[in-house]
Amino acid sequence: MRALALNRTFVRQLIWSHTKLTTTDLVPEVSLRLITPECPLWKATPEQCPFNDPYWAFFWPGGQVLSRQVDWYILDNPHLFYKKSVLDVGSGCGGSSLACKLAGASYVVANDIDQ
């Protein structure tokens, strides 16, 4: 169990050291740690990146639009999510998952794959 905790700590520190806490114009309610133009990884080659295909570190335009529409529903109707468990399948960077947590969901799982 301790090795798993150390691994999680290492991964968390790695993510924090290579991303920036940011918001977007479309979804300003949700802050995400992303690779932005200010981050060295923005221009890094795949060999320089410590992550395998970090698609999760970008809030893609399509995901922002979807999150905006979904988040409006979630954030405007928090009573539907309050104290609920949520499974967000195809979550991308997790914008809608975070909106569920902000709306009061008691448990949220964001699930996505790169393939």
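Numbering (UniProt numbering), first residue to last: 1 to 115.
In this text, a Cβ means the ideal position worked out from N, Cα and C, and glycines have one as well.
Cutoff 7 Å; reference residue i; Cβ partners in own chain excluding five residues on either side
i	result
I15	R33
L87	V109 and N111
V27	Q64, S67, R68, D71 and G95
Neighbourhood of residue i by C-beta, 6 Å cutoff - its chain only, sequence neighbours within 5 removed
i	result
S85	Y107
S31	L21 and T23
Y82	G104
Distance between residue j and residue i (C-alpha atoms, nearest Å)
i	j	result
C100	A44	33 Å
G62	H79	27 Å
A57	R12	13 Å
L98	N52	23 Å
I113	N7	20 Å
L75	G104	10 Å
According to DSSP, residues forming a beta bridge with residue i
i	result
R33	L21
Cβ shell of residue i (< 8 Å), same chain only, five flanking positions each side left out
i	result
E38	K20
Distance cut-off 7 Å: residue i Cβ against heavy atoms of the ligand ADP
i	result
W72	Here there are no bound small molecules, and the ligand ADP is not part of this structure.
Does the stretch 62-73 come close enough to the stretch 38-54 to have 3 or more Cβ pairs within less than 8 Å? no
Entirely enclosed beta strand (DSSP E) segments - the stretch 74-110, minimum 3 residues: 85-89
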